[in-house]
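Notes to accompany the following structure.
Protein chains: 2
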Amino acid sequence: MVLRLSSSQPDFEQQFAAVLTMKRESAEDVSESVHSIVEAVKDKGDKALYDFTAKFDRFDVETYGLRFSENEIETAYNSLTSELLAALKKAADRIASFHQNQMPHSLDYTDDDGVRLGQQWRPVSSAGLYVPGGTANYPSSVLMNAMPAKVAGVENLVMVVPTPDGVVNPAVIAAAKLAGIHEIYRVGGAQAVAALAYGTETIPSVDKIVGPGNAFVAEAKRQVYGKVGIDAIAGPSEILVVADNTNDPRWIAADLLSQAEHDPVAQSILITDDPAFAQSVELAVQNHLRTLPRAQIASASWENYGVIIVVGDIDNSLPLVDALAPEHLELAIENPHEYREKVTHAGAIFVGRYTPEAIGDYVAGPNHVLPTARTARFSSGLSVYDFMKRTTFVECTPESLAAIGPAAITLAEEEGLQAHGLSVSIRLEDIDKQ
Amino acid sequence: MVLRLSSSQPDFEQQFAAVLTMKRESAEDVSESVHSIVEAVKDKGDKALYDFTAKFDRFDVETYGLRFSENEIETAYNSLTSELLAALKKAADRIASFHQNQMPHSLDYTDDDGVRLGQQWRPVSSAGLYVPGGTANYPSSVLMNAMPAKVAGVENLVMVVPTPDGVVNPAVIAAAKLAGIHEIYRVGGAQAVAALAYGTETIPSVDKIVGPGNAFVAEAKRQVYGKVGIDAIAGPSEILVVADNTNDPRWIAADLLSQAEHDPVAQSILITDDPAFAQSVELAVQNHLRTLPRAQIASASWENYGVIIVVGDIDNSLPLVDALAPEHLELAIENPHEYREKVTHAGAIFVGRYTPEAIGDYVAGPNHVLPTARTARFSSGLSVYDFMKRTTFVECTPESLAAIGPAAITLAEEEGLQAHGLSVSIRLEDIDKQ
Numbered sequence: 062m063v064l065r066l067s068s069s070q071p072d073f074e075q076q077f078a079a080v081l082t083m084k085r086e087s088a089e090d091v092s093e094s095v096h097s098i099v100e101a102v103k104d105k106g107d108k109a110l111y112d113f114t115a116k117f118d119r120f121d122v123e124t125y126g127l128r129f130s131e132n133e134i135e136t137a138y139n140s141l142t143s144e145l146l147a148a149l150k151k152a153a154d155r156i157a158s159f160h161q162n163q164m165p166h167s168l169d170y171t172d173d174d175g176v177r178l179g180q181q182w183r184p185v186s187s188a189g190l191y192v193p194g195g196t197a198n199y200p201s202s203v204l205m206n207a208m209p210a211k212v213a214g215v216e217n218l219v220m221v222v223p224t225p226d227g228v229v230n231p232a233v234i235a236a237a238k239l240a241g242i243h244e245i246y247r248v249g250g251a252q253a254v255a256a257l258a259y260g261t262e263t264i265p266s267v268d269k270i271v272g273p274g275n276a277f278v279a280e281a282k283r284q285v286y287g288k289v290g291i292d293a294i295a296g297p298s299e300i301l302v303v304a305d306n307t308n309d310p311r312w313i314a315a316d317l318l319s320q321a322e323h324d325p326v327a328q329s330i331l332i333t334d335d336p337a338f339a340q341s342v343e344l345a346v347q348n349h350l351r352t353l354p355r356a357q358i359a360s361a362s363w364e365n366y367g368v369i370i371v372v373g374d375i376d377n378s379l380p381l382v383d384a385l386a387p388e389h390l391e392l393a394i395e396n397p398h399e400y401r402e403k404v405t406h407a408g409a410i411f412v413g414r415y416t417p418e419a420i421g422d423y424v425a426g427p428n429h430v431l432p433t434a435r436t437a438r439f440s441s442g443l444s445v446y447d448f449m450k451r452t453t454f455v456e457c458t459p460e461s462l463a464a465i466g467p468a469a470i471t472l473a474e475e476e477g478l479q480a481h482g483l484s485v486s487i488r489l490e491d492i493d494k495q
Numbered sequence: 062m063v064l065r066l067s068s069s070q071p072d073f074e075q076q077f078a079a080v081l082t083m084k085r086e087s088a089e090d091v092s093e094s095v096h097s098i099v100e101a102v103k104d105k106g107d108k109a110l111y112d113f114t115a116k117f118d119r120f121d122v123e124t125y126g127l128r129f130s131e132n133e134i135e136t137a138y139n140s141l142t143s144e145l146l147a148a149l150k151k152a153a154d155r156i157a158s159f160h161q162n163q164m165p166h167s168l169d170y171t172d173d174d175g176v177r178l179g180q181q182w183r184p185v186s187s188a189g190l191y192v193p194g195g196t197a198n199y200p201s202s203v204l205m206n207a208m209p210a211k212v213a214g215v216e217n218l219v220m221v222v223p224t225p226d227g228v229v230n231p232a233v234i235a236a237a238k239l240a241g242i243h244e245i246y247r248v249g250g251a252q253a254v255a256a257l258a259y260g261t262e263t264i265p266s267v268d269k270i271v272g273p274g275n276a277f278v279a280e281a282k283r284q285v286y287g288k289v290g291i292d293a294i295a296g297p298s299e300i301l302v303v304a305d306n307t308n309d310p311r312w313i314a315a316d317l318l319s320q321a322e323h324d325p326v327a328q329s330i331l332i333t334d335d336p337a338f339a340q341s342v343e344l345a346v347q348n349h350l351r352t353l354p355r356a357q358i359a360s361a362s363w364e365n366y367g368v369i370i371v372v373g374d375i376d377n378s379l380p381l382v383d384a385l386a387p388e389h390l391e392l393a394i395e396n397p398h399e400y401r402e403k404v405t406h407a408g409a410i411f412v413g414r415y416t417p418e419a420i421g422d423y424v425a426g427p428n429h430v431l432p433t434a435r436t437a438r439f440s441s442g443l444s445v446y447d448f449m450k451r452t453t454f455v456e457c458t459p460e461s462l463a464a465i466g467p468a469a470i471t472l473a474e475e476e477g478l479q480a481h482g483l484s485v486s487i488r489l490e491d492i493d494k495q
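So the protein lines, in turn, are chains A and B. With my numbering applied, the first sequence corresponds to residues 62 to 495, in that order. With my numbering applied, the second sequence corresponds to residues 62 to 495, in that order.
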């Protein structure tokens, strides 16, 4: 049964705190199995990939070939309906456009002391995109992970995707082609992550690995971190809808279910100021569930983790929103931008009554890879920044070194690092003589 | 003996590859000890901090008090010489100024489809700064970690520092005061990291933990990651100097030693186009070592890990630089900015003959917390971004939802996520009726 809270109930703070610390995932410890897989790939390269793929995916990738041929990619692409292809193109274009607007600017200026300072942004040279097989094999996810890398300017972008029993979703391959990926390998699991980190005879090593995956993939990413960069490891999806009673309850119910249908441990929360509206939404949820194909999953999520919070005043709900730090926040209220500007912690915000969260999953443009489990307190969604890095620079002239150098010498002496001091003083002495 | 390579020797590629994979650190596995310390702090709070501090720091912090009093902070601040205080202020001001220039801009625009899009940057609410005791107890490090947080707008900034035998460096406390930190706790090690992550009766939990530390501190940060954000875990320092033969070899030698003196496993590399100049630098290194207080450390680093690479042409050294992806890169050459712009992988660049790396350690302004061990291929130095996160937003009008919604429905259907599709189609139906 969905949990119903009211901000006026005496134990509200306690109940709300319990929502904040609700555990929805049981962490499976796969570190030893993953360690042995990673070591095997490091030692045996392609041979290990053949063996693991035969074992886990029941597929003879040695005979078939690890890499998708140009012909296979073309065939997959051409097998799509024109409607699906047009939708993927629309999504790819809009994602590219938003991420282009997100590109950071370099910095280069000379300050009052005469020191020239700046920072230059450069893309990582190579990145690997992990795409899961099975139920989470989504073309939208390919676009959301690949487009920021392309926009950032990553030159070498490769994709790995498991093909259990040899089966692959052509829409995933088509999305890769649309995103400009030409190098796709038929391998998944921890072995694919290890291949991307260390390289094999066939698969090149990359500098950064991104993309969702199961517990083995997540643990493999943790283990290769440091050798390569990785993205954040995401938990089950969440949505928080803040809605007043002038909404159509059927709309809001559909929005809550759009996250619930992802996963039995997904979480959907509604905050509203009207108990009667809350009840209408609950009824509408039950009503939608009667016809939705993924009703079983959505229902499990809603019954076990769904929460409805009735507050006295929508404006007073802001601290609850920031405490929940939701992955997705929908603001179906009056003056939603005023509220939006005050939000401190959220992955992405869907503003106003005509912006269902699902629009952001596919075609809005901002990334759908977002921080979950309250990590929006300190982290952000996937972006061009994840595929770039900054190099700062500084240039002193003899004059500006004379202006700021003495302070550096004083601090170096204090810290007992005399060679640091020497590298400045030896120049200042020569400058003095000039 | 320092390793001497020449790009013209037949086995150069092999030798250079060996430099790239040179191991300078032996990873000590402290995960179990750290796990038990973290659990003890979670369970017992302050009591665990008292016990661990008595055991590891030989200090009765229960009697003395975990938190530094305002009075103690004032006393430490006032004990500094006016010269040291002025140097710290100069550093704090210049670091603040650079990081202000680094602040990102929010985004808010409406695109051709009529969709309003943007992203807003917000600071993390709270951050904890770890400052090591013992030999790495540097006031410059306090400034470099604290100022970006302050500039980013972090409201609650706390510092932890171990005080072995009750001893603390007043310059470290003064630097904290200068950076606007008023909450400082006498605790270190894995127990301090655990306290910052989970909170105790006295120490508040924070959202992000930064700052250098030993193997225990690094492992504790790894273990609490996810509950809180952490910064990158840094390895021993490195410098790569690219210098032509018109430099004073004594200057370049001092620069190489300024990193070598940090740590016996630090690494200093010189790339030059003149074998005679290389020899002069080697002689100058030996000459400096005769008088430097930290000669033993610097000499161990230089003899074991120092490398001199003679290339045919400075311009051809760029691929070597990018392959080394150095923490610090010094360009003591003609037209250094031309070269600098072509660099893809480096933590920070020191441009021209009058910019010793040490100026960046203290007063230049850019951060001295930088990626080591070739991680500049995919990561960046500490910055205001480490203390901020982005929230993207999107707003559709009925018209713009009608423009982009159908593509979202097509993709949701393809992915078998019908509630996603429903949340869009249920709105489009009503829009059609209007």
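Glycine included, every Cβ here is placed at the ideal spot set by N, Cα and C.
Residue contact check for D90 of chain A against chain B: no CB pair falls below 8 Å. When only Cα atoms are considered, G241 of chain A and G426 of chain A end up about 17 Å apart. Look at S461 of chain B here: in three-state DSSP terms it is helix. Interface annotation, A419 of chain A: in contact with chain B, CB-CB separation under 8 Å.
The alpha-carbon separation between Y415 of chain A and R488 of chain B amounts to approximately 7 Å. Judged by beta-carbon spacing, G175 of chain A lies within the 8 Å limit of T458 of chain A, meaning their Cβ atoms are closer than that value. By the CB criterion at 8 Å, A235 of chain B and P200 of chain B fall inside the cutoff. The beta carbon of P71 of chain B sits no closer than 8 Å to any beta carbon of chain A. In the DSSP secondary-structure assignment, W182 of chain A is bridged to A:R451. CA-to-CA, the gap between N308 of chain A and K288 of chain B works out to about 35 Å. In this structure V203 of chain A does not touch A468 of chain B by the C-beta definition: roughly 16 Å separates them, more than the 8 Å allowed. Residues of the stretch 303-322 of chain A with a Cβ closer than 8 Å to any Cβ of chain B, in chain order: D309, R311, W312, A315, D316, L318, S319, A321, E322. Residue environment: N377 of chain B is assigned as exposed (fewer than 16 neighbouring CB atoms within 10 Å of its CB, all protein chains considered).
When 7 Å is used as the limit between beta carbons, H389 of chain B is near no residue of chain A, the shortest such separation being about 11 Å. CA-CA distance, F454 of chain A to A409 of chain B, rounds to 6 Å.
Our two residues, F113 of chain A and V248 of chain A, have alpha carbons roughly 9 Å apart in a direct line.
Separation of the CB atoms of A251 of chain A and A281 of chain A is rounded to 4 Å, and the pair is thereby assigned contact status at 8 Å. Residue range 217-221 is occupied by the beta strand (DSSP E) that includes V221 of chain A. Excluding its 5 nearest sequence neighbours in each direction, T224 of chain B has C-beta neighbours in its own chain below 7 Å: D118, F120, G194, R247, listed in chain order.
Taking a beta-carbon distance threshold of 8 Å, V424 of chain A counts as an interface residue toward chain B. Y111 of chain B counts as buried, since at least 16 other C-beta atoms from the protein chains shown sit within 10 angstroms of its C-beta. Runs of the alpha helix (DSSP H) lying entirely within the stretch 348-428 of chain B and spanning at least 4 residues, in chain order: 356-366, 379-385, 397-403, 418-423.
Contact check for Y170 of chain A against N162 of chain B passes: the beta carbons are separated by less than 8 Å. Following the DSSP letters along the chain, one finds G189 of chain B in no alpha helix (DSSP H) but inside the beta strand (DSSP E) bounded by residues 187-191.
Chain order gives the chain B residues near V455 of chain A as A409, I410, F411, V412, T416, I420, G421, A425, G426, P427, where near means a beta carbon separation below 8 Å. Interface with chain A (8 Å Cβ-Cβ cutoff): T263 of chain B is excluded. Annotation: K269 of chain B is outside any alpha helix (DSSP H); the continuous beta strand (DSSP E) that includes it extends over 269-271. Under DSSP, Y446 of chain A takes part in no beta bridge, so it has no partner. Three or more Cβ pairs closer than 8 Å define a contact, and the stretch 69-88 of chain B falls short of that threshold against the stretch 215-229 of chain B. Distance from the Cα of L379 of chain A is smallest, within the candidate group A:A407, A:F338, A:S187, for A:A407.
When DSSP states are grouped into helix, strand and coil, L483 of chain B belongs to the helix group. Non-local beta-carbon contacts of G189 of chain B in its own chain, meaning distances under 6 Å to residues more than five positions away in sequence, involve V219, L257, V267, I270 in chain order.
Taking 3 residues as the minimum length, the beta strand (DSSP E) runs contained wholly in the stretch 226-306 of chain A are 244-246, 269-271, 299-304, in order along the chain. Taking 8 Å as the CB threshold, D493 of chain A stays off the interface with chain B. With respect to the C-alpha of S167 of chain B, the residue from B:P184, B:A153, B:F159, B:A152 having the closest C-alpha is B:P184. Scanning the stretch 63-127 of chain A for uninterrupted alpha helix (DSSP H) segments of 4 residues or longer gives 73-81, 92-105, 107-118, 122-125, listed from N- to C-terminal end.
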